[in-house]
Each structure stands twice: as structure tokens, then as C-alpha cells.
Amino acid sequence: MRFALDEDREALRSTARALLTELCPASAVRAAWTGTPDNAAWNALADIGALAVLLPQSEDGLGLDETYLVPVLEEAGRAALPHPLVETALVAAPLGVTGLIVATDLGAAVPTAAGGEKVAAPTKAAVEGAAGAAVPSATFAEAFLLAAGRGLRLYEAQEVDVEPVETVDASRHCGRVRPRAGGRSVTDDPEAVAAAFDRGALGTAAELLGLSRAMLELTVGYAAERHQFGKPIGSFQAVKHHLANARLEIEFAAPAVLYAAYAIARGQTDASRAVSQAKWLAGSAAAVTGRAALQCHGAIGYTTEHDLHLYLKRSWALIRAWGGADFHADRVAASISL
Amino acid sequence: MDLNWSADQEALRLELRGWLEHNLADWRVEIGTELSGDTREGFAQQLLWEQRLYEAGWSAVSWPSAYGGRDGTLWDWLIFEEEYWRAGAPQRVTQNGIQILAPSVFEHGTQEQKDHLLTRIAAAEDLWCQGWSEPNAGSDLAGVSSRARRIDGGWVLDGQKTWTTRGAFCTHLFGLFRSDPDSERHRGLTYLLVPLDLDGITVRGFGRLDGDEGFAEVFFTEAFLPDGAVGTSVVLGEVDQGWRVAVSAASTERGLLRSPGRYQATVASLLELCSQRGADESMRRRVAAAWMRVDGYRLQTLQTVTALMDGRDLGSEASLAKIWWSELDIELHEIALDLLDPDAELEGPWSKGHQFSLAGPIYAGTNEVQRNIVAERVLGLPR
Ligand SMILES: Cc1cc2nc3c(=O)[nH]c(=O)nc-3n(C[C@H](O)[C@H](O)[C@H](O)COP(=O)(O)OP(=O)(O)OC[C@H]3O[C@@H](n4cnc5c(N)ncnc54)[C@H](O)[C@@H]3O)c2cc1C
């Protein structure tokens, strides 16, 4: 028994962190609100193999598993990277789609049962919301992995129509996507689609953890600097307790996210449940942390001039992406025979 | 990263499971109706249980066998806890000795103190209660005013301790006393080991919220504590340095007092209750949420124990676990009461457990104080 991010995983994480700190600062996220995201961070991630963590070495991948990729995705979340790293590296790459920036819409193809586990069907809202839903990164993706019947097809950018839609987090670059023609089948296997969905939910949970950490750090820093009544606001107990609550939620979500990666990597029978637990706990952590962060910033946090909103709005989107709290609670309930 | 138990660990689990099944049944025949360990009769019943545990080497699995343990690791302890609570075994009335005093003895005791005290703790021969709180020193433990005056051959104790769990049934008390009369706050306190049958000590038991006589107050009036009154030196650590000893125990208490195994067992009972009573969609989601938090605690503990086995200290992060398990326990019991609905008011394991869960955010350092610690020492916010 040993449950820790060991040296090699830590090393990959800190490499990713260093390059994201340099190439995807808040100003880069802000710039992605008004233009296509700059690819500097994305290319650097590709250079360290982050897009190909799950690919075998024979295909120029790192030949590693999800427990290596998840810490990198946490860092992408921390930086609010405006690129579809989850979709590209975790959802599409294991299906053999490589070398392209991939947007995904698994929509109605998400099956009702996954991995041999007894799980609940996605709620009606989840299915309807996903079919023809706003697809993130749609305006700049190079390829689209879309639901088709019970399987998935891949389209290149010129094979689809994209109608951009406005979203609360404009750096999401969402659009409604309609295939015009062509495309190729990637899989017809419902289990492969279910597994792809689980990987997407796992990656999103990891990004939410990173976003929570970013918002908490930003707020701890601010609370030490901002003075009222002649003292730093961080010395007030009400502020302390908000932030302690955020730290608490993060503390108990993080191991669940890492465990879900482990369960997927090992093909364990509880993998889908572990993913739902991870997504639910990470979503809860992000919701609590986001509220605390905004409250403790006061009015400055309630502006688009301050950076907090970049992370906050991303977290709002991701909390409900790839299945929201009720969807995942229902899957867990079904798997523990409730 | 490897989340599998070894063959030895699996074997330990199975051996324990079998032992518990057989011995719990046997013990329950022996005692007749099982009572709460926070009543005098129930306490006596549970001492019979503790003796069984000790004789079979289960009372403190992670201790050296020289002191009655099994030379086990913290992993073995986690397995023990999972199986123990899963089997529906009673609360440990020896808990204060085994989980709060003993870790301090291991860390700060002399060889002679270890040799003399530890086996007797494991064997439930000496029954220890925790004498920290006083009427005017609760959260602010450094406000302790009970005095220990040094005289030839021992100490003279004066003052009062309170909220002493099971104090009326125990044989000994460990506690903090002000040994330097001119000192203030954390300085000048000595950690003393005190037999409760000394002249000048009066113990009065009284009812907790659930009505059991689980609390006591302990009065010291010119009580003479001879230097070797506990069979070895009565001072743990250095004279006037008791705060250090107490603080190390506080982190242990918060971090490992309540293992995930307890809540895994509670959530399993909750699932049973759900299937008896029926749960609608929103109730199912509440239960699933509680299940996820319990399992999150289990996973976080696996990380914590990995870190401890790597030689890291638990430190202030223990406060995170304390807040989590105590608030989770209330959540679990509130769900149960809502499932029971009008039957929630009936005396029974859920109503009793609910009342006890409400103490969780108060004892072992209140959750307000724990949140202060998380904010200041984990997050580094200004004091
Ligand atoms: C079931 C149970 C068993 C116990 N067993 C023992 C035992 O065996 N031995 C023993 O010594 N003690 C025991 N205690 C006592 C326990 O340690 C104290 O209750 C605890 O330390 C709190 O002290 P207090 O009750 O005096 O509350 P107070 O310290 O008076 O606190 C009252 C309220 O004020 C809040 N407060 C106080 N200071 C602050 C602060 N700085 N910031 C924010 N809020 C604050 C508290 O959080 C609390 O909500 C037990 C308590 C219970 C409930």
C-alpha cells in the first residue's frame, strides 16, 4: 500500500507547472477572451509530451498512464489554460486521434452503463444539454470528435460548420457544431465511448482542483495584503474560516481525483464510480472555493479588471461540464445499491 | 503508487475478522444486555471486552510486542480499525490511554516509564482519563490554573479539572498542572500522571447530553502526589515543559483518533436503513454525497499514512481531518434521523449516535479553533 505522487509524477507536474506559469499567465487567459488562444503554452506542453502521455512509446508517446496525466491537468486548471487539453490528451488520444487540437461532444452517445458497473443513465437534462450543445474550443479546434449513433466519428475542421456562441467565460470559445459531410468512424463500441466519457469527467475534475487551488492562492495572497480597520483582512476570523473551508474541500477532493486516475489506469471495476466521486467532490470544492474567493475579495473580485473572474467563470463552466453534481451523485448512488 | 494490501495484510484482516466474529458473540453471551460504555455498568462490561482484545494481542496492533502490541505498522492499525467498526464492536473505553497518553509516552517518556506504563495501558489495567480542561480553560488550554507545588518527595495538587471523559470510572488521570506559580500561559506547566485514589482527590461523575454519566469533574485539595505514585516517575517530559508534550498528543488526537473505518461502518448502516425505509431521489443523493465524503476521508487517510510512513510529521494538517470527520459524523446521523422521521425520537443507536456526533466539533479542540489553525498554519494567513 502506497498512495502518493511519487518522484516521477511530481517531476512531470512541476515541469508542466513551470511552463504554464511562464507561458499561460492570467494575461494570456485574458487575451484568449478576445482572440484565438495563443499556442505558446500548448506547443510547449506538446514538447514535453503532455499531449501524448497515454500513447505508447512506439507512437512517440510517453507510454504512461492516467496517474501521470492527472497532475498535469491540475496544473492546466490552475493556469486556466484555454485549450482543450482534457479532450485532446485524455479523451481523444487513447482513441488513436493524435497531432491535432481536438474538441469533443460525446452527447447522446454516452451509454447508460459503463465498465460492467451498474450505473444510472445520464439524466435527461444531461443528454439533451449535451446533444447539439455548446462545444468548447469549437472556434479554433483542428478536429472534432462527435457522437454518431452509439459511436464516435472524427471530423476535420473543414468538414463541420461552427456557429460561435457567447458564453460567460469567453475564453471557452464555444460553438455549436454541425458536421457537413465526411468524417471517419473512430469507434462503434459503446464501452469505448463510456470509457472516453469517464476520462473526460476525470480530466475535468483534475482541472477543477487546479482552478480551486489557483483561486485559493490568489485569495490568501490578497487577504494578507489588503488592510481594513488597520489590519490585514486575513487576520479576521470570518475571512479565515471561509478560506479554511475551501482548503478543507480541496484536501478531501484531491485524493479522490488521483484515485479515479489510478482506478482507470488499472481497469478496476469501480473506475466509473471513482470518476463520479472525483468529479462530484472536485465540483463541490470549486463551488465552495469560488464563493469564498469572491466574498473575501470584496468588490475588486466583482470586476472583470481583476483576474479572479477568469478562474471563477472557468470553474462555473467545468462544474457542470461532463456531468454535474446530480448526474454523478446518481451514478454513485446506483453503484452503491442505493 | 500501489493501492493493494499485501498478502500479510490481507491475512491479518481475515484473522481479525474471524476473531471478532467469534469473540463478540461470546462476549455478548457473557455480559447479557450490552450497555453504553459511558455508564458504570457498561464500562465494567467493556473492560471484559478490552481484556479479551489484549489477551489476543489486538488492543494496540501498532505497538511493539514488548508492550502488548503486534509490532504492526500504521497500515495494520487502519485495517484493524476497518474491521473493528465493521464488526459492530463497542467503543474503546481505553481510548484515552491508548490513543492520547501512550503516543506521548512513546515520544517523551523515559525507558522506565515506557516499560512500566505501556503494557498496563494496553491491558486495561490502568484506566486513564484526560485531565486538560478546567472550568476556565477550555479552548484556551494555556489558561490552566490547577497547581502542582513541589515539596520533598512529590507534588501537592490543588484545583479542578472538568469534562473528564469517563473520569468517574477510571483509575488514573494525565493532565497539565501549573508547576511554576509565577509563570503565564504555555510556560511553567508540567504534564503529570496521577492515580485518582490519592487522598485529597474527589471525582464527581455527571450526565452528558445523552444522559450517560460520561463526564466527570475532578477536584484536587492539597492532594499529595508522591514521585513514584504511578510505579514510575509521575512527570512526563521535563518539569515546566508540559505544553510541548500536550501539543504533540493533540496532533495525534486530531489526526488519528477517529479513523475512516468508523464512518465506513456508519455509512454501511445508513445504506441498510435506506433499504429498509426507502429513499427518494433527493435522499439518495444526500446519502451518495455522504458516502463520497466518507470514502474521500478513507483515500485522504491513505495519503496521510503514506506520508507518516515516509517519516513526515502530521502537524497542523491534522486539523483538516478533525473538522472533516466530526462534521461528516453529524451529516451521517442527521440523514439517518430524517430517514427515521417520527421514529427519530426513539432511544436507539441512531438517536444516541446523533447526540454523540454533536460533541465532535467541540472536543479535541473545537472546529472554530481548528479552522483558525488551518487558516494560520496551513494557509499562512496573518494572526
Ligand atoms: C464529549 C466531550 C468529551 C470531552 N472529554 C474531555 C476529556 O476527557 N478531558 C478534557 O480535558 N476535556 C474534555 N472535553 C472538553 C473539551 O476539550 C472542551 O470542551 C473544548 O476544549 C472546548 O472548551 P470549552 O468547552 O470550555 O468551550 P469554550 O472554549 O468556552 O468555547 C465556547 C465556544 O467559543 C468558541 N471559541 C473559543 N475560543 C475561540 C477562538 N479563539 N476563536 C473562535 N471561537 C472560539 C468555541 O469554538 C466554542 O464554540 C470534552 C468535551 C466534550 C464535549
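Going down the list, the sequences are from chains V and A. Number 337 marks the last residue of the first sequence (numbering that gives the first Met the number 0); no jumps. Number 382 marks the last residue of the second sequence (numbering that gives the first Met the number 0); no jumps. Yeah, the Cβ is synthetic: ideal placement off N, Cα and C, and Gly gets one too.
Burial state of residue i (16 or more Cβ within 10 Å)
i: residue 24 of chain A; result: exposed
i: residue 274 of chain A; result: exposed
i: residue 54 of chain A; result: exposed
i: residue 135 of chain A; result: exposed
i: residue 3 of chain A; result: exposed
i: residue 65 of chain A; result: exposed
i: residue 118 of chain V; result: Model confidence at residue 118 of chain V stands at a pLDDT of 40, short of 50, so the residue's coordinates are unreliable and nothing is read from them.
i: residue 180 of chain V; result: exposed
i: residue 22 of chain A; result: buried
i: residue 42 of chain V; result: exposed
i: residue 189 of chain A; result: buried
i: residue 121 of chain V; result: Only weak support is given to the placement of residue 121 of chain V: the predicted model assigns it a pLDDT of 46, under 50, and the question is left unresolved by the model.
i: residue 187 of chain V; result: exposed
i: residue 230 of chain V; result: exposed
i: residue 31 of chain A; result: exposed
i: residue 2 of chain V; result: buried
i: residue 17 of chain A; result: exposed
Residue i, enclosing alpha helix (DSSP H) - first and last residue
i: residue 102 of chain A; result: 101–107
i: residue 267 of chain V; result: It is not in any alpha helix (DSSP H) - residue 267 of chain V carries neither H nor E in the DSSP assignment.
i: residue 300 of chain A; result: 280–308
i: residue 17 of chain A; result: 6–30
i: residue 355 of chain A; result: 348–356
i: residue 76 of chain A; result: 73–85
i: residue 171 of chain A; result: Unbroken run through residue 171 of chain A is the beta strand (DSSP E), 171–177; no alpha helix (DSSP H).
i: residue 46 of chain A; result: 39–54
i: residue 112 of chain A; result: 110–121
i: residue 369 of chain A; result: 366–372
i: residue 275 of chain A; result: 259–276
i: residue 71 of chain V; result: 65–77
i: residue 318 of chain V; result: 307–319
i: residue 221 of chain V; result: 189–224
Where residue i meets chain V, residues with beta-carbon distance less than 7 Å
i: residue 323 of chain A; result: 247 and 251
i: residue 370 of chain A; result: 239, 240 and 243
i: residue 4 of chain A; result: 0
i: residue 377 of chain A; result: 246
i: residue 62 of chain A; result: Simply none; closest approach about 20 Å.
Amino acids of chain A, ordered along the chain, whose beta-carbon sits closer than 8 Å to that of residue i
i: residue 3 of chain V; result: 0, 302, 305, 306 and 309
i: residue 254 of chain V; result: 295, 298, 299, 301 and 302
i: residue 325 of chain V; result: 284
Spatial neighbours of residue i in its chain, beta-carbon cut-off 8 Å, leaving aside the 5 residues before and after
i: residue 40 of chain A; result: 34
Neighbour list for residue i in chain A, Cβ cutoff strictly below 7 Å
i: residue 231 of chain V; result: 381
i: residue 104 of chain V; result: By Cβ distance, chain A contributes nothing, its closest Cβ being about 26 Å from residue 104 of chain V, past 7 Å.
Closer than 9 Å at the beta carbon, the chain A residues around residue i
i: residue 236 of chain V; result: 367, 370, 371 and 374
Contact list for residue i against chain V, beta-carbon separation under 9 Å
i: residue 169 of chain A; result: Those do not exist, as residue 169 of chain A stays about 34 Å from chain V at its closest Cβ, beyond 9 Å.
i: residue 359 of chain A; result: Simply none; closest approach about 15 Å.
Sequence-distant residues of its chain with Cβ nearer than 6 Å to residue i (five each side left out)
i: residue 196 of chain V; result: 105 and 109
i: residue 265 of chain A; result: 331
i: residue 56 of chain V; result: 62
i: residue 261 of chain V; result: 66
i: residue 341 of chain V; result: Shown here, chain V extends from 0 to 337; a query on residue 341 of chain V therefore has no answer.
i: residue 228 of chain A; result: 194
i: residue 64 of chain V; result: 264
Contacts that residue i makes with chain V (C-beta to C-beta distance below 8 Å)
i: residue 273 of chain A; result: 337
i: residue 165 of chain A; result: What residue 165 of chain A touches in chain V: nothing, since even the nearest Cβ is about 30 Å away.
i: residue 131 of chain A; result: Simply none; closest approach about 23 Å.
i: residue 261 of chain A; result: Per Cβ cutoff of 8 Å: no residues; residue 261 of chain A is ~16 Å from chain V at best.
Own chain, CB closer than 7 Å to residue i, minus 5 neighbours either side, in chain order
i: residue 320 of chain V; result: 203
i: residue 182 of chain V; result: 152, 153, 154 and 158
i: residue 152 of chain A; result: 225 and 226
i: residue 11 of chain A; result: 75 and 78
i: residue 142 of chain A; result: 135 and 136
i: residue 307 of chain A; result: 73 and 313
i: residue 99 of chain V; result: 141 and 142
i: residue 44 of chain A; result: 30, 33 and 34
i: residue 173 of chain V; result: 133, 134, 135, 137, 164 and 166
Endpoints, beta strand (DSSP E) assigned at residue i
i: residue 324 of chain A; result: Element bounds for residue 324 of chain A: not the beta strand (DSSP E) but the alpha helix (DSSP H), 317–339.
i: residue 35 of chain V; result: Run containing residue 35 of chain V: none; DSSP gives neither H nor E here.
i: residue 174 of chain V; result: 174–178
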